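Visitor:
In our numbering, the protein residues as written are 22 to 221.
1) By a C-beta neighbour count over all protein chains shown, 10 Å radius and 16 as the cutoff for buried, is residue 118 buried or exposed?
2) When you compare the CB positions of residue 39 and residue 78, do they come within less than 7 Å of one another, or not?
3) Quick one: residues in its chain with C-beta nearer than 7 Å to the C-beta of residue 73, no 5 flanking neighbours on either side, listed in chain order?
4) What runs of the alpha helix (DSSP H), each 4 residues or longer, lie entirely inside the region 132-204?
5) By DSSP, does residue 28 sit in helix, in strand, or in coil?
6) Leaving out the 5 sequence neighbours to the left and right, which residues in its chain are closer than 6 Å to residue 180 when beta-carbon positions are compared?
7) Under a three-way DSSP split, which group does residue 61 fall into?
8) Within the chosen definition, does the region 89-106 reach the region 186-197 through at least 3 CB pairs nearer than 8 Å?
9) What separation, rounded to the nearest whole angstrom, lies between the Cα atoms of residue 193 and residue 220?
10) Look up residue 73 in the DSSP assignment and say whether it is helix, strand or coil.
11) Pick from 86, 131, 176 and 153: whose alpha carbon is nearest that of residue 47?
12) Measuring straight from C-alpha to C-alpha, what distance separates residue 170 and residue 148?
13) Can you tell me which of the three DSSP states residue 207 falls into?
14) One question on the structure: do residue 10 and residue 51 come within less than 7 Å of each other, judged by their Cβ atoms?
15) Which of helix, strand or coil does DSSP assign to residue 33?
16) If I'm right that residue 64 touches residue 156 with Cβ under 8 Å, what's the distance once you round it to whole angstroms?
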């Protein structure tokens with residue numbers, strides 16, 4: 022996938038910028054190493070810039086980036102492929118969906134290790150983009166961060182993945198400590214398993 026960097030210039034109209042971002046997302050496959058590298062570059066080169074953070078569509082773009090993180094069932098489909106049905110035969114509890122977060126496969130398999138090893142997630146990119154000073158001034162900062170945190174837990178649970186460093190950096194930001202809703206945001210991030218962050 023090639024990024025049209027021309028459409029992401031500081032002078033481009035917000036509609037053009039937002040459209041180009043979602044075009045990139047629609048063509049990105051988080052299970053492809055080269056696309057993960059491209060999204061890393063996109064975060065650093067575009068989303069972290071003041072001009073991007075100040076755009077009206079920035080919050081929608083961050084949510085769209087978060088939505089590239091697969092749910093646990095999709096992760097299992099990627100790992101086992103056609104053999105997933107055979108894997109599921111080992112679980113006979115009719116009252117439980119073995120593919121749900123915190124379910125049998127989530128607890129017993131090494132699927133989450135592969136998620137971490139191959140970077141099959143985007144929440145760290147979202148957290149990284151939100152560390153820009155200008156992001157804290159946005160009216161939708163808490164809404165966007167809450168979305169990222171809630172979706173993180175919903176899709177992958179409180180897995181101990183390497184993306185937590187980005188959340189730790191975000192919560193260590195001086196402007197985060199000044200927020201009146203810090204405690205509410207802290208509760209969300211703890212639910213994701215990020216235990217190294219300290220309460221206020």
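Glycine included, each C-beta is placed from N, C-alpha and C at the ideal position. In this text, all values refer to a predicted model and were calculated from it rather than measured experimentally.
Guide: With the given structure in hand:
1) exposed
2) yes
3) 67 and 79
4) 132-139, 144-150, 162-177, 185-192 and 195-198
5) helix
6) 133
7) helix
8) no
9) 11 Å
10) helix
11) 86
12) 9 Å
13) helix
14) Given that the chain is displayed from residue 22 to residue 221, the structure contains no residue 10 and the question cannot be resolved.
15) coil
16) Actually they do not touch by this definition, with Cβ atoms about 13 Å apart.
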